[in-house]
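For the sequence shown, the positions run -10 to 128 when our numbering is used.
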Amino acid sequence: LDPVGLEDNELRAFARYIGLQKQYRPLLHHGKCFNLPSHDPNTRIYGVMDDSVTLLAVAQLAMPQYALSGQLRLPVLCANKRYRVEVLDSPAAFSHTMKHKPVWMDKPLTIQGDQLIQIGLSLPLIDPESAMLLSFTLV
């Protein structure tokens, strides 16, 4: 990969991802890694966490097996604490089968841990070979 030949928008994207890596470097290198189950065999959910932040990647490897993407439940969080949920990165265009993204994706949301554990968040349908990055920060 030669950054000299990249377009400005590609350079901005690289700068953004480098910034995210720098921001979360201690967590990425020293946090506890985990995987979460998905009802769709073509979806992978994995993350890293410490005492205050959980980063979660939801990757769609191939076409979803189901029309609904299901709930994202986070049994790794503490039930009696509150978390700020934020989308750090997501595909520019979501699947054309969705009329609307889940409301929680439009702006940061603060929610009780037990709700994230038991009920979870509705996941959007994302196109194959794409992913989104979420943060859950203790408040």
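Backbone N, C-alpha and C fix where the C-beta goes; we use that ideal spot for every residue, glycine too.
All values reported here derive from a predicted model rather than from experimental measurement.
- Scanning His19, His18, Met121 for the CA closest to the CA of Glu75 turns up Met121.
- Ser41 is a Cβ neighbour of Leu127, given a cutoff of 8 Å.
- The criterion of a C-beta distance shorter than 8 Å is not satisfied by Arg71 and Gln107.
- Taking a 10 Å sphere around the C-beta of Pro53, we find 16 or more other C-beta atoms and assign the residue as buried.
- Assignment of beta-bridge partners to Phe125 by DSSP yields Thr43, Val74.
- In the three-state DSSP reduction, Arg62 falls in the coil class, being neither helix nor strand.
- Distance check between Leu112 and each of Lys11, Pro80, Pro91 places Pro91 closest, using alpha-carbon atoms only.
- Boundaries of the beta strand (DSSP E) around Leu25: 21 to 25.
- Beta-bridge partners assigned by DSSP to Leu110: Leu61.
- Apart from the 5 residues on each side of it in sequence, Tyr35 sits with its Cβ closer than 6 Å to the Cβ of Asn24, Ala46 in its chain, given in chain order.
- In its chain, beyond the 5 residues on either side, Val76, Ser79, Pro113 have a beta carbon closer than 8 Å to the beta carbon of Met94.
- The beta carbon of Arg33 lies closer than 6 Å to those of Ala48 in the same chain, with the five residues before and after it left out.
- When the five nearest sequence neighbours on each side are left out, the beta carbons in the same chain lying within less than 6 Å of the beta carbon of His28 are those of Gly59, in order along the chain.
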